[in-house]
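In this text, residue positions in the sequence shown follow numbering that gives the first Met the number 0: the first is 0, and each later residue adds one. Working notes for the structure below.
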Amino acid sequence: MTDTYQVQRRSVMGKRVATLRREGVLPANIYGRAQESMAVQLTYVDARNLLNAHGLNTLVNIQVEGEGEARPVVIRNVELEPVGRKILHLDMYQVDLSRIIKATVPVVLTGESPAVQKFGGVLIHALDHIEVEGLPHTIPEHIEVSVNGLIAIGDHIQVKDLRVPPGLRLHADPDQGVAAVQASRAAASVAPTP
0 MTDTYQVQRR SVMGKRVATL RREGVLPANI YGRAQESMAV QLTYVDARNL
50 LNAHGLNTLV NIQVEGEGEA RPVVIRNVEL EPVGRKILHL DMYQVDLSRI
100 IKATVPVVLT GESPAVQKFG GVLIHALDHI EVEGLPHTIP EHIEVSVNGL
150 IAIGDHIQVK DLRVPPGLRL HADPDQGVAA VQASRAAASV APTP
C-alpha cells in the first residue's frame, strides 16, 4: 500500500517562503503531464519523513487539503542547503498510473565477497545509480545486487546480470560494470620471490 502525506495549497511565493521555512513549513510544487503546476506546503518533519522512507522516484500519495482524492506522485527533485544539507524545496511529479515513466534509482551492493574476505581484494562499486523504465508502481526504491558470487580476484557483475522486477526495464549498456573485485595495491606491489 502506498503511503499518503498531507499538504496544503501555498499562497506564499518568492523570497517570502523563507518565513515559512522558519516556521517549520516546507514549500513544494506538484506538476505533471498536461497539468498546471500547483504550489503546496507541508511540514518540514513530514517532508523529511517522506524522503527518509521513500527517497526519490518512489510512488507516494499526496492528499491536497480540500481535494477528495489523493494524487499519486514521485519526488523528482529535492533542493538542499549547500552547507547544512537542510531540505529547502520539493518537486513532486504527478503520475498517470497507467503510463510508463523513467526514473533513476540507486544500486545497492549487499552481502560479502569471498574474494575480498579470502584474498584481500578490493570491492569496486562501479555503478551507484541506474535509469529504469516501468509503470509507477513497479519503480523500486533501489536495486539490490548481491556480491556473494564474487569469489575470485577479477570477478565482476555487469548490468546484464541484474535481476529486476517484471515489467521494469533497465536503460544502460548491458556490458557496463556494476561491481568488481580487484587486487589491492599492496598485494599487487609485492613482487613474488624466486
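For each residue, glycine too, the CB sits at the ideal point set by N, CA and C. Since we're looking at a predicted model, the values are computed, not measured.
Report the rounded CA-to-CA distance for residue i versus residue j, giving the unit in angstroms.
{"i": "Leu-96", "j": "Thr-103", "result": "18 Å"}
{"i": "Thr-192", "j": "Val-177", "result": "Any reading at Thr-192 is ruled out, since the residue's pLDDT is 47, under 50, leaving its predicted position unreliable."}
{"i": "Thr-3", "j": "His-155", "result": "40 Å"}
{"i": "Leu-79", "j": "Val-94", "result": "24 Å"}
{"i": "Ile-86", "j": "Val-59", "result": "18 Å"}
{"i": "Thr-137", "j": "Asp-172", "result": "21 Å"}
{"i": "Tyr-30", "j": "Val-158", "result": "32 Å"}
{"i": "Gly-23", "j": "Glu-130", "result": "33 Å"}
{"i": "Asn-28", "j": "Arg-84", "result": "20 Å"}
{"i": "Val-115", "j": "Gly-65", "result": "56 Å"}
{"i": "Val-44", "j": "Leu-134", "result": "29 Å"}
{"i": "Leu-126", "j": "Arg-162", "result": "15 Å"}
{"i": "Ile-142", "j": "Asn-51", "result": "17 Å"}
Quick one: residues in its chain with C-beta nearer than 8 Å to the C-beta of residue i, no 5 flanking neighbours on either side, listed in chain order?
{"i": "Gln-181", "result": "Gly-120, Val-121, Ile-123, Ile-152, Gly-153"}
{"i": "His-170", "result": "Lys-101, Ile-129, Glu-130, Val-131, Glu-132"}
{"i": "Arg-15", "result": "none"}
{"i": "Asp-174", "result": "Gln-157, Val-158, Lys-159"}
{"i": "His-53", "result": "Asp-2, Val-59, Ile-74, Glu-140"}
{"i": "Leu-167", "result": "Val-131, Glu-132, Gly-133, Thr-137, Ile-138, Pro-139"}
How is the beta strand (DSSP E) around residue i delimited, first residue to last?
{"i": "Lys-159", "result": "No beta strand (DSSP E) holds Lys-159; DSSP gives it neither H nor E."}
{"i": "Arg-8", "result": "3 to 8"}
{"i": "Val-106", "result": "100 to 109"}
{"i": "Arg-168", "result": "168 to 170"}
{"i": "Ile-29", "result": "24 to 31"}
{"i": "Pro-181", "result": "Looking at the sequence itself, residue 181 is Gln, so the reference to Pro does not match. That run of the beta strand (DSSP E) goes 176 to 181."}
Just to confirm my understanding: we take residue i, look at its own chain, exclude 5 residues before and 5 after, and list those with CB closer than 7 Å. What are they?
{"i": "Gly-110", "result": "Ser-145, Val-146, Asn-147"}
{"i": "Asn-48", "result": "none"}
{"i": "Asn-76", "result": "Asp-90"}
{"i": "Ile-99", "result": "Glu-132, Gly-133, Leu-134"}
{"i": "Leu-19", "result": "Val-11, Pro-26, Gln-40"}
{"i": "Val-63", "result": "Val-6, Arg-8, Val-39, Arg-70"}
Could you work out which residue in the options is closest to residue i when comparing CA atoms only?
{"i": "Glu-140", "options": "Lys-14, Leu-89, Val-73, Ala-69", "result": "Val-73"}
{"i": "Ala-194", "options": "Gln-40, Arg-75, Ser-36, Glu-35", "result": "Summary: the structure shown does not reach residue 194, with the chain confined to residues 0 through 193, and so no result is reported for it."}
{"i": "Val-6", "options": "Gly-166, Ala-179, Gly-13, Leu-25", "result": "Leu-25"}
{"i": "Ser-194", "options": "Arg-21, Arg-32, Ala-38", "result": "Because the chain in this structure spans residues 0 to 193, residue 194 falls outside the shown range and cannot be described."}
{"i": "Arg-70", "options": "Asn-51, Asp-160, Gln-34", "result": "Gln-34"}
{"i": "His-198", "options": "Ser-183, Gly-13, Val-106, Ala-179", "result": "As displayed, the chain neither begins before 0 nor continues past 193, which places residue 198 out of reach and without an answer."}
{"i": "Arg-32", "options": "Leu-167, Tyr-92, Arg-8", "result": "Tyr-92"}
So, for residue i: in the same chain, excluding its five sequence neighbours on each side, which residues have a beta-carbon less than 6 Å away from its beta-carbon?
{"i": "Val-55", "result": "The question names Val, but residue 55 in the sequence shown is Leu. Excluding positions up to five away in sequence, the list reads Ile-74."}
{"i": "Ile-150", "result": "Pro-113, Ala-114"}
Residue range of the alpha helix (DSSP H) that residue i falls in?
{"i": "Val-194", "result": "Missing from the structure shown is residue 194; the chain here goes from 0 to 193 and no further."}
### Message
List, from N- to C-terminal side, the beta strand (DSSP E) runs of 3 residues or more that fit wholly inside the segment 38 to 89.
### Response
Those beta strand (DSSP E) runs which fall completely within the segment 38 to 89 and span 3+ residues are 58 to 63, 70 to 79.
### Those runs of the alpha helix (DSSP H) which lie wholly inside the segment 117 to 141 and span at least 4 residues
none
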